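Peer 1:
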Amino acid sequence: MASTYDVLLARLQTAFDAVESGADPVLRTSDRSDYQANGVMSLAKRLGKSPRDVAQIVVDHADLAGVATVEIAGPGFLNLTLSTKLLGDQLSALVHDERLGIARATTATVVIDYSAPNVAKEMHVGHLRSTVIGDALARMYRFAGHHVIARNHVGDWGTPFGMLIEHLIDLGEGPAVASLSIGDLDSFYRAARMKFDADDAFKERSRVRVVSLQSGDPETRRLWRILVNLSVEYFDKVYAQLNISLSAADVVGESYYNDMLADVVSDLDALGLLVRSGGALCVFPDGFSNRDGEPLPLIVQKSDEGFGYAASDLAAVRDRVSTLHASEMLYVVGMPQSQHLAMVFAVARMAGWLPDTVRCEHVGFGNVLGADRKMFKTRSGETVKLVALVNEAVEKAGASLERRTSDLDDDQKKVLASQIALAAIKYADLSTERQHDYVFDLDRMISFEGDTGPYLQYAHARLRSIFRRLGEPWSVGSITVGLDAPEERHLALGLLAFPEAFEMSLRSLQPHRLCSYLFDLAQRFTAFYDACPVLASVGPLRDERLALCEITARTLALGLSVLGIDAPEQM
RNA sequence: GCGGCUGUAGCUCAGCGGAUUAGAGCAUCGGUCUACGGAACCGAGGGUCGGGGGUUCGAAUCCCUCCAGCCGCACCA
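Position 176 (the first sequence) corresponds to 178 in this note's numbering; numbering is contiguous.
(1) Anyone know if the C-beta pair for Pro570 and Ala399 falls short of 7 angstroms?
(2) Pull up the CB-CB distance for Ala461 and Ala524, whole angstroms please, since I reckon it's below 8 angstroms.
(3) Which partner residues does Met377 have in the DSSP bridge list?
(4) Given this structure, state the Cα-to-Cα distance separating Cys551 from Leu465, to the nearest angstrom.
(5) Would you mind sorting Thr222 into buried or exposed? The rule is 16 or more other CB atoms within 10 Å of its CB.
(6) Is the beta carbon of Leu96 within less than 6 angstroms of some heavy atom of the ligand NAP?
(7) Indicate the three-state DSSP secondary structure (helix, strand or coil) for Asn245 in the structure shown.
(8) If I follow the unbroken beta strand (DSSP E) through Phe469, where does it start and stop?
(9) Tell me Gln38's beta-bridge partners as DSSP assigns them.
(10) Within its chain, find whatever has a CB closer than 6 angstroms to the CB of Asp252; leave out the 5 residues flanking it on each side and keep chain order.
(11) Could you give the distance in angstroms between the alpha-carbon of Glu296 and the alpha-carbon of Phe290?
(12) Leaving out five residues before and five after Val302 in sequence, what residues of the same chain have Cβ atoms less than 6 angstroms from its Cβ?
(13) Would you mind reading off the limits of the beta strand (DSSP E) that contains Ala75?
(14) What's the gap between the Cα of Leu273 and the Cα of Tyr259?
(15) Pick helix, strand or coil for Glu502, following the three-state DSSP scheme.
(16) Residues in the same chain with beta-carbon distance under 6 angstroms from Asp65, minus the five sequence neighbours each way, listed in chain order, please.
(17) Do you know whose CA, among Val285, Ser117, Lys239, lies nearest Val2's CA?
(18) What does the alpha-carbon distance come out to for the pair Phe521 and Asp374?
(19) Among all the DSSP beta bridges, which residues are the ones paired with Tyr440?
(20) Does DSSP classify Gly90 as helix, strand or coil?
(21) With respect to the alpha helix (DSSP H) encompassing Gln421, which residues constitute its N-terminal and C-terminal limits?
(22) Count the other CB atoms within 10 Å of the CB of Ser510; is the residue buried (16 or more) or exposed (fewer)?
(23) Okay, do the segment 70-85 and the segment 35-47 touch, 3+ Cβ pairs below 8 angstroms being the bar?
(24) Between the alpha carbons of Lys415 and Pro535, how many angstroms are there, rounded?
(25) Over what stretch of residues does the beta strand (DSSP E) that includes Glu330 continue unbroken?
(26) Rounded to the nearest angstrom, what separates Leu558 and Val564 at their Cα positions?
(27) Between the beta-carbon of Pro287 and the beta-carbon of Val349, is there less than 7 angstroms?
(28) Thinking just about the alpha-carbon of each residue, which of Lys239, Leu497, His129 is nearest to the one in Ala95?
(29) Considering only the alpha carbon of each residue, which of Asn393, Gly372, Leu424, Glu206 lies closest to Gly383?
(30) Exposed or buried, what is His438 when buried is set at 16 or more other beta-carbons lying within 10 Å of its beta-carbon?
(31) Report the CB separation of Ser181 from Gly103 in whole angstroms; it is logged as a contact under 8 angstroms.
(32) Quick one: residues in its chain with C-beta nearer than 6 angstroms to the C-beta of Trp159, no 5 flanking neighbours on either side, listed in chain order?
(33) Around the C-beta of Thr454, are 16 or more other C-beta atoms found within 10 angstroms, so that it is buried, or is it exposed?
(34) Can you find the residues in the same chain that come closer than 7 angstroms, C-beta to C-beta, to Ala555, ignoring five residues on each side of it along the sequence?
(35) If the criterion is Cβ atoms closer than 7 angstroms, does the pair Leu89 and Ala426 meet it?
(36) What distance in whole Å lies between the Cβ atoms of Thr109 and Gly147, which are believed to be in contact at a cut-off of 8 angstroms?
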């Protein structure tokens with residue numbers, strides 16, 4: 003089934019082509035009518051004709067019988083009003099369409115790099131956005147029909163592991179494992195750090211340990227593996243708590259690329275791209291300069307022979323294209339890394355490792371700020387742990403549930419509190435344009451009023467409540483709609499706009515567009531709900547309204563689910 | 001210095017492939033209640049879209065410039 007948007011666009015395109023081949027209509031929803039088509043004005047300018055005359059020609063050529071009526075407005079806008087028949091047909095199709103009008107895409111292999119916590123460190127707000135945005139994009143891509151490969155590029159390599167392993171040895175394996183198992187990674191890390199800074203002998207041992215780690219000493223690797231495995235177990239718990247679709251299987255950390263680094267360097271050299279500069283081996287991609295206006299290098303091998311993160315990032319690009327056969331790659335990484343990633347991509351393209359046919363994008367995002375508009379920290383100035391953040395939100399959501407009389411038992415309330423808390427946090431994160439910083443204000447996002455996740459969940463719960471009260475199973479063949487009440491029509495138009503909103507959000511890699519759509523839909527629904535009795539109405543009218551409710555409930559649930567947000571049946 | 005980002009109602013944010021009176025949420029004020037879950041609905045006030053210039057019949061949206069703030073810019077990822 004073609005979406006309403008596509009039906010209109012196709013008919014308009016034909017009409018525009020009749021005037022001038024290649025002219026594009028720009029179709030959008032409008033307050034003045036159901037849809038508005040622009041594009042006549044620029045076309046008229048090119049043809050040197052009056053916009054209204056051109057509009058008339060387009061209208062004459064447009065085959066909109068049974069679809070919509072057109073009116074030329076203002077200097078040359080085409081205001082389209084959908085026919086009741088089209089609305090009825092489209093709604094009837096939606097009732098029986100699991101995908102709610104969203105086409106299944108031809109399958110691409112999409113590698114999405116997100117979350118990326120560090121081994122032996124706890125996850126904190128700094129990981130929130132990458133994790134939440136990456137998860138939402140992964141879910142959206144999967145629903146669209148693509149093959150998604152999630153890559154959790156954890157920081158599991160580098161000089162800190164010397165001191166961490168030595169600290170592990172000092173504590174004794176058993177006690178160390180026991181303390182790390184409870185997820186208290188930060189105090190382990192801090193203790194190692196303190197010893198490293200205070201004790202020269204420990205520092206020397208750590209240095210030696212790094213060397214044996216890198217040279218593949220089996221015992222050192224075994225100890226390192228202990229740290230990695232315990233950390234991955236901890237990450238899994240956090241992901242479970244956050245309802246993030248990442249697992250240990252998606253963890254492919256920096257260490258995975260170790261064996262490829264030497265080849266990256268020698269292959270770049272063979273291609274004649276390597277330059278020795280300041281002792282380091284560098285590639286100078288075009289278009290990047292440093293603060294003195296000189297070409298800026300991407301350092302692939304440091305002057306001490308060690309490999310930088312540029313080398314492993316290059317290895318990852320190459321691996322994802324050649325081994326995973328990625329046709330699209332997304333890096334959900336903070337904005338400050340944009341220059342680095344742009345250079346990595348540029349070098350990969352120079353080397354021929356990243357063909358032009360592979361879309362490769364940095365999905366950058368801004369910072370999470372506190373009320374003071376500075377980086378979000380605790381009152382004492384420490385980094386906010388993700389677990390603590392969620393716990394506080396769950397607590398608030400739970401307290402709010404208690405304040406309302408409810409026939410739910412304690413277990414149900416516990417689950418609900420978590421679902422509401424996560425909806426609040428995730429929706430707040432996803433609903434602002436991702437490149438922008440946003441102010442983290444838990445009280446606002448969990449106040450359950452206005453443009454929040456819980457508001458959307460509530461709208462959905464009210465809908466489900468209608469069907470619970472209905473008792474009997476409800477089904478309908480085809481809907482004969484009048485949509486006489488303006489609220490009904492407004493809601494119906496909102497439902498038909500779902501595919502376009504979803505696809506636009508996915509195309510632009512901007513989940514906030516889907517958020518805006520869902521909020522708008524929820525508002526349309528509540529206005530309808532207030533004005534149009536459903537269960538108290540009878541006959542075809544009741545079926546029509548139940549159909550609107552059914553589609554709305556499924557649209558909200560599906561929209562939320564691809565954002566990684568649960569839609570409870572009741573709350 | 002180079003590059004990137006930001007500046008839209010009191011607050012938090014949409015809108016920025018140009019187009020008819022600039023939108024939403026919160027807050028404020030005023031309505032709606034025998035309510036299918038009021039965590040709701042309806043309405044009002046509130047903005048020279050940072051300043052200036054340009055392109056255009058038309059600019060929050062495109063171009064230039066200035067102001068304010070943030071981030072990155074060679075061996076930590």
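Glycine included, C-beta positions come from ideal geometry on N, C-alpha and C. Being a predicted model, the structure only gives us computed values, none of them experimental.
Peer 2: On the basis of the supplied data:
(1) no
(2) 4 angstroms
(3) Leu371
(4) 6 angstroms
(5) buried
(6) Only the bare structure without any ligand can be found here, which leaves the ligand NAP out of the picture.
(7) coil
(8) Counting along the chain, Phe469 falls outside any beta strand (DSSP E), though it belongs to the alpha helix (DSSP H) covering 455-472.
(9) Arg30, Asn81
(10) Ala152, Asn154
(11) 8 angstroms
(12) Val267, Leu283, Ala312, Ala313
(13) 70-75
(14) 20 angstroms
(15) helix
(16) Arg13
(17) For residue 2 there is no data in the structure shown, the boundaries of the chain being 3 and 573.
(18) 28 angstroms
(19) Val370
(20) helix
(21) 412-432
(22) exposed
(23) yes
(24) 29 angstroms
(25) 330-336
(26) 10 angstroms
(27) yes
(28) Leu497
(29) Gly372
(30) exposed
(31) About 53 angstroms; that fails the 8 angstroms criterion.
(32) Glu256, Ser257
(33) buried
(34) His462, Leu465, Arg466
(35) no
(36) 6 angstroms
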